[in-house]
Amino acid sequence: MSQRPNILWICTDQQRYDTIHALGNHRIKTPHTDRLIRDGVAFTRAYCQSPVCTPSRASFLTGRYARTTRCRQNGQQIPKEEKLLSRIFADHDYTCGLAGKLHLSSCAKGRVESRIDDGYKVFDWSHHPQPDWPENAYSQWLGSKGQSWDKLYQGASTSYIKEGVPSEYHQTTWCAEKTIEFIQSHSEEPWFFSFNCFDPHHPFDPPPEYMSLYDPDQMELPKFKHEEWNQKSSYQKLDHRWAHNEPGYFDLQSMTDDDRRQITAAYYAMVTLIDDQLGRIIAALEQSGQLEKTLLVFMSDHGEMLGDHGLYLKGPHFYEEALRVPLVLHWPEGFESGIQCDGLVELIDLAPTFCEAANIPVYEGFQGKSLTNICRGESSPDQHRDFVFSEYYNAWTHRHSYGTMLRSKTEKIVAYHGTDDGEIYDLEKDPNEFENLWNRPGEQDRKMRLLKWCFDTSVFTMDPMPPRLGPF
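Here it is, written out as structure tokens:
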């Protein structure tokens, strides 16, 4: 077994957990992800530490909770003192590269994302496909082919989905091209590479040839009960009118069932495009003789509501659809195959896992728990965690929206700080999270117990750094 495996970290954007054929969604086409699951280890209850991009990425790229990193909001810059996994691996003689999105600082209004000392030697940056920056490497690639995004993008198809760039020129395809180039040119030394495509993040705009793979009439309608609104937070009520409380952007009140089915079909089409590019990357690893010695990880930064509970996109929401993501680890030389684990896992658990796999000392500032023994079949996933924890600190479009979530194997609590709002779910009786018990008269003992547990967890997850040097 290689003592220094390559690390290929494939991170999609806004892909929810139930979008893989092999894990039960028989409407979606994901043959290459299915192969990874068949030959690797799939964690079916993996949770992000914040339900929006930047704080989630800051968290799993450092192995620390969003609050600990001090990068708690979209638009914030991760502090230069934070150690990214790529920097740690570069310090141990790994060649590190990235294609696509990083999103650890603001890149709005034409501002190029500012980097800290991240360790990436190869850095092909493209936050999103639109040509909003001259430094967008995807735009430069299109230009080298005599194309431009503006010329290729078809735009609106309906009020809610768009006809996107043909797959040949798609940003996801470009990410795969850059990944394959890196694999082929770094076969001798250990490497660490991040594939970070923008899909299936909104807008819902798959290539036309992928949209044609899905019949909207065959899509299920989202899970939603009209009566649940009487029990839910004010943030959800706002987002039930306009997605992520942005008036004029995504009108949910005018949406029909046909619209909802079309959105789901478009979302699935975007996932299938990613899966096809994953297949190309796996083939490149095989052809270069590197598949066996590469730890390939497939995951996403957070989920997508996709109409469930009457919500779309993301926001200060802690439903399973927003927090739970795919997570598959595939390493033929080092890990077991064909294992599906339903124990609770946090994305910060990846940082110590990668370091242990590569025989790199585990940084004492990590807050995750290694998955290595589970992946080697040496310990039970049921014993890994009793709960998972996630946070939201005014991170997106709502004003004064602060929430913390604790989910055990049987219960979930969400506390919206500075308000009287909150959510409690009995996940054994109500796995779809329709019945909010927060204000139920007979549930106040449960509420106080879970509030204390959530508060204690907020304290116990404070920054472990700097280390204590002595008793005084």
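So the number in the working numbering is just where the residue sits in the sequence shown, counting from 1, plus 4. Beta carbons: idealized from backbone N, C-alpha and C, even for Gly.
Asked, Found
"Same chain, Cβ closer than 6 Å to His421, neighbours up to 5 away in sequence not counted", "Tyr406"
"Residue range of the unbroken beta strand (DSSP E) whose run includes Phe202", "Note, Phe202: premise wrong, no beta strand (DSSP E); not H, not E."
"CA-to-CA distance, Ser383 to Asp43, given in whole angstroms", "19 Å"
"Ala270, buried or exposed, once every other Cβ within 10 Å from all chains shown has been counted against 16", "buried"
"Minimum length 3: unbroken beta strand (DSSP E) runs contained in the segment 29-115", "45-47, 99-104"
"Pair within 8 Å by beta-carbon distance, Pro212 and Val275", "no"
"Three-state class that DSSP yields for Trp129 in the structure shown", "strand"
"Residues that Leu333 bridges to, as DSSP identifies them", "Val45, Val301"
"Whole-Å CB distance - Cys179 paired with Gly101, under 8 Å assumed", "No, Cys179 and Gly101 are not in contact; Cβ-Cβ is about 12 Å, not under 8 Å."
"From Gly381, Gln222, Ala247, Arg472, residue whose alpha carbon lies closest to that of Leu310", "Ala247"
"Nonlocal neighbours in the same chain, by C-beta distance under 8 Å from Asp221, ignoring five residues either side", "Arg265"
"Beta strand (DSSP E) segment containing Glu395, residue limits", "391-397"
"Span separating the alpha-carbon of Trp457 from that of Val392", "12 Å"
"Exposure label - Glu231; buried when at least 16 CB within 10 Å", "exposed"
"Own chain residues within Cβ distance below 7 Å of Gln291, not counting five before or after", "none"
"Presumed contact (8 Å Cβ cut-off) between Tyr21 and Val329, rounded CB distance", "6 Å"
"Bridge partner(s) assigned by DSSP for Cys15", "Met303"
"Local conformation of Ala141 per DSSP, three classes", "helix"
"Alpha carbon of Ile286 to alpha carbon of Leu299, nearest angstrom", "12 Å"
"Supposed contact pair Gln371 and Thr72 - C-beta distance, whole angstroms, cut 8 Å", "7 Å"
"Beta-carbon proximity list for Asp312, same chain, < 6 Å, skipping 5 on both sides", "Pro226, Lys227, Glu325"
"Residue interval of the beta strand (DSSP E) (run including Met223)", "From DSSP, Met223 is part of no beta strand (DSSP E); its letter is neither H nor E."
"Gln240 - containing alpha helix (DSSP H), residue span", "238-243"
"Inter-stretch contact (C-beta, 8 Å, three-pair minimum) for the segment 441-452 and the segment 71-87", "no"
"Buried/exposed call for Thr23, threshold 16 Cβ in 10 Å", "buried"
"Exposure of Trp233, with buried meaning 16 or more beta-carbon neighbours within 10 Å", "exposed"
"Whether Pro55 touches Tyr396 by CB criterion (8 Å)", "yes"
"Endpoints, alpha helix (DSSP H) assigned at Gln448", "448-464"
"His36, buried or exposed, once every other Cβ within 10 Å from all chains shown has been counted against 16", "buried"
"For Lys166, three-class secondary structure by DSSP", "strand"
"Cutoff 7 Å; reference Arg61; Cβ partners in own chain excluding five residues on either side", "His107, Leu108, Asp305"
"Spatial neighbours of His334 in its chain, beta-carbon cut-off 7 Å, leaving aside the 5 residues before and after", "Leu40, Asp43, Gly44, Leu300"
"Cβ-based burial, Gly347 [other Cβ within 10 Å; buried from 16]", "buried"
"Candidates Trp145, Pro83, Phe47, Asp38, of which the one nearest Pro59 by Cα", "Pro83"
"Residue burial classification, Glu192 (beta-carbon count within 10 angstroms, cutoff 16)", "exposed"
"Proximity of Leu331 and Ala50 at Cβ, strictly below 8 Å", "yes"
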